[in-house]
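Heads up, the thing below is written out as structure tokens.
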Amino acid sequence: MSQRSTLILLSSHESLPAAVEEWAASEDWVRWIFSGIRARMEVLTAGNEVLLTESSVRVAWRDFAQRISAPDASALIYKLWQAVQSGDAEAWQHSERAWHESNSAPAAFRSIEAGTLLFAATRGARYQGVLGRIRGLVDEGQARGHLLPVWLAVGSFFQLGLAPILAEYLRLEWEMLSRRVPGGVLEPLGGIGLTALTGQIVRGATAESGRLSSAI
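The sequence shown begins at 401 in the working numbering and counts up by one.
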């Protein structure tokens, strides 16, 4: 993998923690752009219903972490990211179709609903490039507009690297999954913690990048 590709994946830093923390101190705009999702939806894809106990939240998060970091999921995330970076809305459309097929029907429904709200939050942005073309495909019914695929395009439009984009997405999933528990729930630690999970997905995407490069 080239140095340029690594920098695109990790933003402007060479280490994953630094890339994730790059936006931790200035995430207000991200919270604003996700505010419609937080206000209008109860849960996203990390859970099938509102959960009220810490134990049920942690079980749901563990299951979600296993799905999102699986090799097939990481490969799809990389293909979506690569399509956005190359400005190829049709390649994004193809990978988003595969993403849709990998989700259960209830999770897909919520993901599309959240993607619609994310599109609404960015509709007024100028010079949208590939984000605008992706929006057009969704408006025309040629793509569904799932949350993570759309967020990859939105985050790239705002010049975020892949690691910060994934970190913010995982934070949103965790906060919405755990917010109804009285007293709150501490963020998960270890291999399913937000930073570690981001790292697993990025490493999976990096491996997919190397595999595709060696096949050319």
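Ideal placement from N, C-alpha and C gives every residue a C-beta, glycine not left out.
Fair warning: this is a prediction, and the values are worked out from it, not measured in the lab.
In its own chain, which residues sit with a C-beta less than 6 Å from the C-beta of residue i, not counting the 5 before and 5 after it?
{"i": "L572", "result": "F434"}
{"i": "G590", "result": "none"}
{"i": "S426", "result": "Only weak support is given to the placement of S426: the predicted model assigns it a pLDDT of 49, under 50, and the question is left unresolved by the model."}
Can you give me the Cβ contacts of residue i inside the same chain, cut-off strictly under 8 Å, excluding the 5 residues immediately before and after it?
{"i": "S495", "result": "L476, K479, L480, A483 and P549"}
Could you pull out every residue in the same chain whose Cβ sits closer than 7 Å to the Cβ of residue i, ignoring the five residues on either side in sequence?
{"i": "A460", "result": "A446, G447, L451 and L577"}
{"i": "A507", "result": "T445"}
{"i": "I601", "result": "I468, S469, S474, I477 and L566"}
{"i": "A498", "result": "L476"}
{"i": "V585", "result": "E454, V457 and S578"}
{"i": "A605", "result": "L409, S474, I477, Y478, W481 and L562"}
To the nearest angstrom, how far is the alpha carbon of residue i from that of residue j?
{"i": "T598", "j": "G545", "result": "22 Å"}
{"i": "I512", "j": "W574", "result": "18 Å"}
{"i": "Q559", "j": "S504", "result": "31 Å"}
{"i": "R603", "j": "Q542", "result": "31 Å"}
{"i": "R580", "j": "G555", "result": "27 Å"}
{"i": "R526", "j": "E490", "result": "21 Å"}
{"i": "V430", "j": "E568", "result": "8 Å"}
{"i": "A424", "j": "A439", "result": "With a pLDDT of 48 at A424, under the threshold of 50, the modelled position of that residue is not reliable, and no figure is offered here."}
{"i": "V538", "j": "F557", "result": "17 Å"}
{"i": "I408", "j": "G561", "result": "Below a pLDDT of 50, predicted positions are generally treated as unreliable, and I408, at 37, falls in that range; no measurement from the model is reported."}
Which whole-angstrom value describes the C-beta separation of residue i and residue j, a residue pair presumed to lie in contact below a C-beta threshold of 8 Å?
{"i": "E449", "j": "V443", "result": "7 Å"}
When DSSP labels each residue in this structure, what does residue i get in the three-state scheme?
{"i": "T598", "result": "helix"}
{"i": "R580", "result": "coil"}
{"i": "T606", "result": "helix"}
{"i": "S504", "result": "coil"}
{"i": "G653", "result": "Because the chain spans 401 through 616 in this model, residue 653 falls outside it and cannot be assessed."}
{"i": "Q559", "result": "coil"}
{"i": "P564", "result": "helix"}
- prompt: Hey, which unbroken runs of the alpha helix (DSSP H) at 4 residues or more fall wholly within the stretch 507–550?
  reply: 530–539
- request: Scan the stretch 470–501 and note each continuous beta strand (DSSP E) run of 3 residues or more that stays entirely inside, going in chain order.
  value: none
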